[in-house]
Amino acid sequence: MQIDTIIHYFLPKHDKFYNLFEDVSRLLIDATKLLAQFPSCDGGLAPSLARQIKSLEHQADALTHTIFGEVNATFVTPFDREDIHELASKLDDIMDYIDGSASRFVLYKVNANDEYIVQLITILGKSVESVSKGVAQLKNFGKSDDIQAILKDINSYENEADDVFARGVANLFENEKDVIRLIKLKEIYVGLETATDRCEDVANVLEAILIKHT
Numbered sequence: 085m086q087i088d089t090i091i092h093y094f095l096p097k098h099d100k101f102y103n104l105f106e107d108v109s110r111l112l113i114d115a116t117k118l119l120a121q122f123p124s125c126d127g128g129l130a131p132s133l134a135r136q137i138k139s140l141e142h143q144a145d146a147l148t149h150t151i152f153g154e155v156n157a158t159f160v161t162p163f164d165r166e167d168i169h170e171l172a173s174k175l176d177d178i179m180d181y182i183d184g185s186a187s188r189f190v191l192y193k194v195n196a197n198d199e200y201i202v203q204l205i206t207i208l209g210k211s212v213e214s215v216s217k218g219v220a221q222l223k224n225f226g227k228s229d230d231i232q233a234i235l236k237d238i239n240s241y242e243n244e245a246d247d248v249f250a251r252g253v254a255n256l257f258e259n260e261k262d263v264i265r266l267i268k269l270k271e272i273y274v275g276l277e278t279a280t281d282r283c284e285d286v287a288n289v290l291e292a293i294l295i296k297h298t
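85 is the number of the first residue of the sequence shown in this note's numbering; add one for each residue after it.
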């Protein structure tokens with residue numbers, strides 16, 4: 085076998101990494117759309133929504149493990165192995181917090197139609213959409229202006245979520261007389277706000293990759 089044939093055999097099909105990351109980001113979008121149904125659904129539908137999100141979380145886990153396996157099996161990767169691993173882990177973290185929030189709605193038996201919950205879920209949905217756009221740009225990192233605009237949006241959503249979280253917690257301490265309900269709602273606020281924080285973590289990884297490859 086000629087040496088150039090051997091080299092060609094071992095060179096990666098970069099699309100497999102890009103496609104896997106895009107598959108994960110699509111699952112995140114699907115999960116946030118399900119999460120957005122909690123505030124308007126009756127209590128009977130909540131367990132079904134949580135189960136659907138749990139299924140998406142399992143699919144995301146499987147894709148994450150596939151990415152890790154491809155990193156170990158690929159001779160040359162499209163960007164640093166550490167960045168691939170970090171990006172996959174941070175995307176998985178977002179799904180974990182979405183899943184955790186859905187589970188709390190069911191376990192705590194709280195009415196999710198709370199204005200701060202609605203706002204946090206809405207912001208998270210927008211942030212996840214931007215994350216998906218950023219991941220889709222991995223194969224086009226020459227267009228740095230487009231990517232920077234997406235990263236700026238994600239940062240803006242994280243700041244917005246921080247503000248809503250702070251106002252929501254302040255409102256709880258000011259007006260909620262049921263201490264148990266206060267604790268339950270605060271935990272849900274934390275989970276949703278942290279999911280948005282993890283979106284910013286993804287943006288930071290994308291920015292690091294951008295800096296190295298432009």
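All residues carry an ideal CB built from backbone N, CA and C; glycine is no exception. All of these numbers come straight from a predicted model, not from anything done at the bench.
Figure out for me which residue from the options has the closest Cα to the Cα of residue i.
{"i": "D183", "options": "I205, N197, G153", "result": "I205"}
{"i": "A186", "options": "L266, D262, S109, T116", "result": "T116"}
{"i": "I231", "options": "L133, D126, N103, L294", "result": "L294"}
{"i": "R265", "options": "G128, E141, K193", "result": "K193"}
{"i": "D281", "options": "T148, N103, V215", "result": "V215"}
{"i": "L175", "options": "N255, P123, G218", "result": "G218"}
{"i": "E156", "options": "I168, A146, D145", "result": "First, the residue type needs correcting, since residue 156 is Asn and not Glu in the sequence shown. The residue with the shortest Cα to Cα distance from N156 is I168."}
{"i": "L147", "options": "G252, R251, K223, E106", "result": "E106"}
{"i": "L118", "options": "D262, Q136, H297", "result": "Q136"}
{"i": "P123", "options": "S132, K138, A220, N195", "result": "N195"}
{"i": "R110", "options": "A220, L256, N255, S240", "result": "A220"}
{"i": "Y241", "options": "E260, D229, L269, Q203", "result": "Q203"}
{"i": "F101", "options": "N259, F163, L269", "result": "F163"}
{"i": "Q121", "options": "V263, K296, N197, V274", "result": "N197"}
{"i": "V274", "options": "D246, S228, V160", "result": "D246"}
{"i": "N103", "options": "H142, V160, L222, C125", "result": "L222"}
{"i": "H297", "options": "S228, D262, K270", "result": "S228"}
{"i": "H149", "options": "V160, E260, E170", "result": "E170"}
Would you kindly check if the distance between the Cβ of residue j and the Cβ of residue i is under 8 Å?
{"i": "L112", "j": "V190", "result": "no"}
{"i": "L290", "j": "L208", "result": "no"}
{"i": "I151", "j": "A130", "result": "no"}
{"i": "L140", "j": "D114", "result": "yes"}
{"i": "E284", "j": "I238", "result": "yes"}
{"i": "V248", "j": "I178", "result": "no"}
{"i": "V108", "j": "A144", "result": "yes"}
{"i": "Y200", "j": "T278", "result": "no"}
{"i": "R188", "j": "I272", "result": "yes"}
So what's residue i in DSSP terms, helix, strand or just coil?
{"i": "L129", "result": "coil"}
{"i": "N224", "result": "helix"}
{"i": "D230", "result": "helix"}
{"i": "K268", "result": "helix"}
{"i": "N195", "result": "coil"}
{"i": "P162", "result": "coil"}
{"i": "K296", "result": "helix"}
{"i": "T280", "result": "helix"}
{"i": "Q203", "result": "helix"}
{"i": "Q121", "result": "coil"}
{"i": "K236", "result": "helix"}
{"i": "D247", "result": "helix"}
{"i": "E260", "result": "coil"}
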